[in-house]
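Numbers 520 to 841, taken from my numbering, label the letters of the sequence shown in order. Each residue gets a CB set at the ideal place from its N, CA and C atoms; glycine is no exception. It should be emphasised that the depicted structure is a prediction, and the values quoted were computed from it without experimental measurement. I have placed the structure first, in the form of structure tokens, so that the comments after it can refer back to it.
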Amino acid sequence: MKRKKKIFVGLLSVSLVFLTIIYMQPFATFFSNTSNDHTIPTFLGDQQDELYQKINTYNDQHKIEPIDATIDRVWKAIPGYNGLQVDVKASYENMKGRTELDPDKIVFKEVSPSVHLDDLAPSPIYRGNPEKPMVSLLINVAWGNEYIPGILETLENNNVKATFFFDGSWVKKNPALAAMIYLHGHEIGNHAYSHPDLKFRSRAETMDELKKTNDIIEKTLNVKPEWFAPPSGSFNDVTIDVAHELGMKTILWTVDTVDWRKPDTSEMVARVVSNVGNGSMILMHPTKPVEEGLVTMINEIKEKGYQIGTVSELMSEKRIDK
520 MKRKKKIFVG LLSVSLVFLT IIYMQPFATF FSNTSNDHTI PTFLGDQQDE LYQKINTYND
580 QHKIEPIDAT IDRVWKAIPG YNGLQVDVKA SYENMKGRTE LDPDKIVFKE VSPSVHLDDL
640 APSPIYRGNP EKPMVSLLIN VAWGNEYIPG ILETLENNNV KATFFFDGSW VKKNPALAAM
700 IYLHGHEIGN HAYSHPDLKF RSRAETMDEL KKTNDIIEKT LNVKPEWFAP PSGSFNDVTI
760 DVAHELGMKT ILWTVDTVDW RKPDTSEMVA RVVSNVGNGS MILMHPTKPV EEGLVTMINE
820 IKEKGYQIGT VSELMSEKRI DK
């Protein structure tokens, strides 16, 4: 009798353990899946399981891989660009209780690349990422004061922000005008102090030119430039290294207005706009052709489907989707 009782108790204990495992398994599965967007919770009903799977399939069909920053053989340093994928959990929450996938309720999230612009060795930058539908206006300022108010008015009226690169000696002579540009919300960069040909300057001379300009800009505007544009586009490896040591990346251009040659305004605009593409940086100065043609240039660039932003916005990995 005692033996039968022991056998009965043993069988009962095994059964209880077995039942506990069976009933606890869905909860264990759920908690293990909370960190994985692509796993379907096992305790959901069949219809909800199907919705989760449809969202995953939609992601597989529409995701865009991020693009790493790189140093191109021709274009030198090129910034990275975020990818795009479905936020499966957020999308599922948006459609919970439904059986069919609703594309309007899909939630996307950006995915950062593995290599960023800051990860690259110091190198000049001629353009933004070729997948980013944005263009930047680079305005180098060492003279042309009479055209600056008109240029600022056009930029303001068209809700466009540019990056102005200041010659240090110009800032010293024109602090009020420099402040007016900055107060209009434009980005400020370094254009050396006395418009030197830096390709033929020593490290010490280059350091002096760039540092003096940063110092006068910081003193006048309380701004520390992140971008440096070498005068006349003349530079060497020392130039790039010195700018890097001072916390700046070196900016060149993709398209040149050549406005200092006083071209016909309409011809200049047509030539520039026809050469603009994703990531283009357009070089200009405060000149009469730019003042006259800037509004047409802006309108036609926008008509081609490009946004216009500062150098910082163009170099950002943040996506711009048409």
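Collapsing the DSSP output to three states places Asn-709 in a strand. For a cut-off of 8 Å, the C-beta gap from His-703 to Leu-671 is around 5 Å, short enough to register as a contact. When Cβ pairs closer than 8 Å are counted between the two stretches, the stretch 646-655 is seen to touch the stretch 791-801, the count reaching three or more. Our two residues, Lys-595 and Ile-644, have alpha carbons roughly 6 Å apart in a direct line. As for any alpha helix (DSSP H) of minimum length 4 sitting wholly inside the stretch 569-652, the runs are 607-614, ordered along the chain.
Assignment of Asp-778 by DSSP, reduced to helix, strand and coil, places it in the helix class. Per DSSP, Ile-801 lies in no alpha helix (DSSP H); the unbroken beta strand (DSSP E) holding it starts and ends at 800-803.
Here Glu-584 is exposed, its C-beta having fewer than 16 other C-beta atoms within 10 Å. Going by DSSP, Thr-773 is part of no beta strand (DSSP E) at all; its letter is neither H nor E. In this structure, Ala-711 places its C-beta atom within 8 Å of the C-beta atom of Leu-729. In this structure, Glu-650 sits near Ile-586, with a CB-CB distance shorter than 8 Å. In the DSSP annotation of this structure, Thr-806 is not part of any beta strand (DSSP E), being labelled neither H nor E. Glu-836 is not a Cβ neighbour of Pro-641, given a cutoff of 8 Å.
The beta carbon of Lys-743 lies closer than 8 Å to those of Asn-733, Ile-736, Glu-737 and Gly-766 in the same chain, with the five residues before and after it left out.
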